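This report refers to the structure that appears directly beneath it.
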Amino acid sequence: MKTALFLAALLPLSFVAHADNLRLPANTPAAFQAECGSCHLAFPPQLMVADDWRRVMSTLDRHYGDNASLDQETLRTIEDFLVRNAGRGKKVLPVGAATPNGEPPRLTSSAWFKRKHHEVKHADWAHAKVKTPSNCAACHTKAAEGSYREREIVMPNGRRWED
Ligand code: HEC
Ligand code: HEC
């Protein structure tokens, strides 16, 4: 009984601690970092649902204005990895097929992403050092390691977020 109460008290804390930890799993295929981390950050797979990742992977020749095509084998390896580690449950909901200009879904247009960034001002998104919300590492100094703690955030004007 005492143990159960103790665990119940701990649960909300562990949930909060989790939100800023988006490390890639240890068994991430090397191809993911190599092929999906060359133009931008290799995004954490848990930030989109499986169907949205399938949409991204089936349209690589029309990738947000770029061509990110892959050979079939590499494509399969990366898609399997993304689908296996995709977000599920209530945290990340599908972005879906209805996207502006018919481009693939964006994790940065999810309600979750918007909620997490509701305090970020338009000028910060538009800043020359940021340019697009998908440029996670422009503000999250440890994004490459999958760490998004508030105390690691430095805004484009050089100001720490937590000051
Ligand atoms: C040739 C360069 C290039 C490669 C390679 C590439 N991407 Fe992209 N990706 C882009 C560009 C450009 C954007 C649009 C950036 C923007 O407007 O924010 C983008 C955006 C994205 C987005 C949406 C980001 C958001 O705003 O939420 C996802 C998801 C994504 N890429 C996944 C991948 C995956 C998975 C791979 C590997 C299979 C990959 N990308 C490889 C260039 C590339
Ligand atoms: C313009 C700067 C900026 C960019 C770009 C940016 N973020 Fe953030 N992010 C912030 C700020 C500031 C906060 C804290 C906001 C708040 O508390 O309202 C935050 C919060 C977060 C959190 C919540 C951390 C926690 O402790 O709960 C996560 C996760 C996160 N961002 C992920 C991302 C990812 C993934 C990307 C790229 C796809 C990204 N961010 C792009 C500035 C940015």
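One point on numbering: in the working numbering, the residue at position 139 of the sequence shown is 310, and numbering is uninterrupted. Using N, Cα and C, we set each Cβ at its ideal position, and we do this for glycine too. Bear in mind the structure is a predicted one, so any value in this text is a computation, not a measurement.
For residue i, write down the residues that DSSP places opposite it in a beta bridge.
i, result
"H211", "In the DSSP output, where bridge partners are listed per residue, H211 has none listed."
"R331", "V325"
"S318", "N192"
"D237", "H234"
"H288", "DSSP lists no partner for H288."
"H311", "I324"
What I want to know is whether the C-beta of residue i ends up closer than 6 Å to one or more non-hydrogen atoms of ligand 2.
i, result
"A257", "no"
"E290", "yes"
"T279", "yes"
"Q318", "A quick correction: the sequence has Ser, not Gln, at residue 318. Outside the cutoff, so no."
With C-beta atoms as the reference, is residue i less than 7 Å away from residue j?
i, j, result
"W283", "V254", "no"
"A202", "T230", "no"
"E321", "W332", "yes"
"P276", "R226", "yes"
"V291", "V263", "no"
"N256", "P216", "yes"
"Q204", "A190", "no"
"C310", "I324", "yes"
Nearer than 6 Å: is that true of the beta carbon of residue i relative to any heavy atom of ligand 1?
i, result
"A239", "yes"
"V227", "yes"
"L264", "no"
"E206", "yes"
Assuming the contact rule is C-beta atoms closer than 8 Å, residue i and residue j should be a hit. Round their C-beta distance to whole Å, please.
i, j, result
"V301", "P327", "5 Å"
Comparing C-alpha positions only, which one of the options sits nearest to residue i?
i, options, result
"T312", "T303, A299, G329, H298", "G329"
"G119", "G236, A299, I249, D295", "Because the chain in this structure spans residues 172 to 334, residue 119 falls outside the shown range and cannot be described."
"A197", "V266, K261, H211, F252", "F252"
"E206", "D242, D222, Y235, G236", "D242"
"N238", "A297, W296, H289, E274", "E274"
Between residue i and chain C, is the shortest Cβ-Cβ distance under 7 Å, so that the two count as touching?
i, result
"M326", "You won't find chain C in this structure, because it holds only one protein chain."
Give a single yes or no on whether residue i has its beta carbon closer than 6 Å to a heavy atom of ligand 4.
i, result
"Y235", "Only ligand 1 and ligand 2 can be found as ligands here, which leaves ligand 4 out of the picture."
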